[in-house]
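A short write-up of the structure that comes next.
Numbering (our numbering), first residue to last: 45 to 407.
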């Protein structure tokens with residue numbers, strides 16, 4: 045079921061991407077429906093980008109729409125993973141990159157060095173709720189707390205009929221079968237965000253902190269988001285974490301998750317948006333890096349979410365006009381409204397407006 049049907053708060057939805065002056069570098073067009081932010085600004089030129097696989101479906105749709113209405117714009121995005129994307133930006137082989145985590149403290153100065161006179165900005169662009177998916181015959185509508193998930197993914201809970209799982213799923217048909225916990229084998233911002241959730245919400249049961257590379261023992265690794273989804277789809281007894289768009293594309297069962305308010309919450313656009321709306325901006329100046337409260341006590345909030353960032357130079361890039369043009373579209377209400385039908389959630393307006401303001405200053 046698509047997120048757009050549920051997402052009811054935080055962003056004005058527009059019907060179309062209105063661009064009336066495609067082909068020029070700096071001509072802004074009004075958004076469809078009279079939205080206050082520009083819906084896009086066509087710019088000519090070729091851009092090379094890579095990174096997060098979580099945002100691949102969103103990026104494909106954005107590129108198709110933008111190129112279709114902007115003559116002379118050519119954008120390539122390769123799904124290499126967040127870690128590889130950041131390294132490509134630092135190496136100067138990508139014009140902008142996608143990452144499911146903001147730049148680390150040690151990465152920031154290396155990235156800044158590629159932006160003469162400016163800095164590398166962390167720009168939230170895609171809300172990608174992380175679904176807990178599973179393949180257990182006869183067991184539908186399962187739900188989990190953070191401590192139970194931490195024990196499953198660290199190998200402490202080994203069978204589906206374990207008392208801890210049964211206690212949270214009264215009446216469920218839980219088999220006496222081994223659990224196969226699946227994680228990303230490549231470095232991934234999805235892994236970083238999922239393990240942040242575990243470390244902040246189940247600290248006594250998760251001793252591995254958080255990282256883009258999986259650190260807990262055991263389990264089965266799969267490459268990239270589509271690899272995780274495919275393995276769960278084809279293998280009974282599996283459980284994994286994967287972005288909602290991939291869970292929906294593979295028609296996987298999704299669990300309800302217990303939030304800090306004590307509610308087992310279904311993953312919808314509204315419930316994911318409540319968590320992101322409560323995030324604090326930890327970046328300074330035009331940087332919009334977010335600090336997400338994974339232990340949110342907001343009623344109805346779904347706590348396992350990630351934000352995929354576009355990392356781009358505030359100034360100093362030889363392709364600044366082309367980058368600004370494309371990111372103006374993706375951060376517009378029109379660009380964001382396209383995400384719901386792809387298994388993502390639009391940025392809450394409180395965040396979107398900050399991102400759009402930062403993009404407008406790229407030079």
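Heads up, the beta-carbon is just placed ideally off N, CA and C, and yes, glycines get one too.
Residues near residue i by beta carbon distance below 7 Å, same chain, minus five either side
i, result
"residue 105", "382, 386"
"residue 218", "183, 204, 205, 209, 210"
"residue 160", "360"
"residue 407", "359, 364"
"residue 350", "98, 144, 172, 174, 233, 234, 237"
Environment of residue i [buried if 16+ CB atoms lie within 10 Å]
i, result
"residue 191", "buried"
"residue 341", "exposed"
"residue 137", "exposed"
"residue 118", "exposed"
"residue 90", "exposed"
"residue 149", "exposed"
"residue 144", "buried"
"residue 402", "buried"
"residue 213", "buried"
"residue 108", "exposed"
"residue 83", "At residue 83, the pLDDT of 41 sits below 50, so the modelled position is not reliable; the number obtained from the coordinates is stated separately. Label assigned to residue 83: buried."
"residue 185", "exposed"
"residue 324", "exposed"
"residue 157", "exposed"
Beta-carbon proximity of residue i to residue j, cut-off 8 Å
i, j, result
"residue 216", "residue 140", "no"
"residue 131", "residue 358", "no"
"residue 315", "residue 345", "yes"
"residue 123", "residue 268", "yes"
"residue 317", "residue 389", "yes"
"residue 309", "residue 301", "yes"
"residue 466", "residue 188", "Limits of the chain in this structure are 45 at one end and 407 at the other, which puts residue 466 out of reach."
"residue 198", "residue 142", "no"
"residue 241", "residue 348", "yes"
Sequence-distant residues of the same chain with beta carbon closer than 8 Å to residue i, five excluded per side
i, result
"residue 147", "130, 155, 164, 166, 333, 355"
"residue 151", "130, 134"
"residue 111", "117, 118, 119"
"residue 67", "Only weak support exists for where residue 67 lies, its pLDDT of 36 falling under 50; the value from the coordinates is given anyway. The answer, listed in chain order, is 86, 88, 114, 115, 116."
Proximity winner among the options, relative to residue i (alpha-carbon distances)
i, options, result
"residue 181", "270, 172, 297, 240", "297"
"residue 366", "390, 404, 308, 135", "404"
"residue 352", "293, 100, 312, 368", "100"
"residue 266", "120, 202, 87, 125", "125"
"residue 173", "98, 123, 240", "98"
"residue 221", "322, 283, 309", "283"
"residue 339", "303, 310, 324", "303"
"residue 254", "244, 261, 262", "244"
"residue 378", "169, 242, 115, 95", "169"
"residue 113", "202, 85, 371, 176", "85"
"residue 384", "186, 292, 343", "292"
"residue 261", "294, 207, 202", "202"
Own chain, CB closer than 6 Å to residue i, minus 5 neighbours either side, in chain order
i, result
"residue 127", "231, 256"
"residue 249", "191, 194, 195"
"residue 87", "69, 365, 366, 369"
"residue 275", "226, 266"
"residue 294", "273, 277"
Q. Any contact of the stretch 225-243 with the stretch 325-333, i.e. 3+ C-beta pairs under 8 Å?
A. no
(Q) Check whether the stretch 279-290 and the stretch 355-368 are in contact - that is, three or more C-beta pairs closer than 8 Å. (A) no
Q. Would you call the stretch 222-229 and the stretch 271-279 in contact, with 3 or more CB pairs under 8 Å?
A. yes
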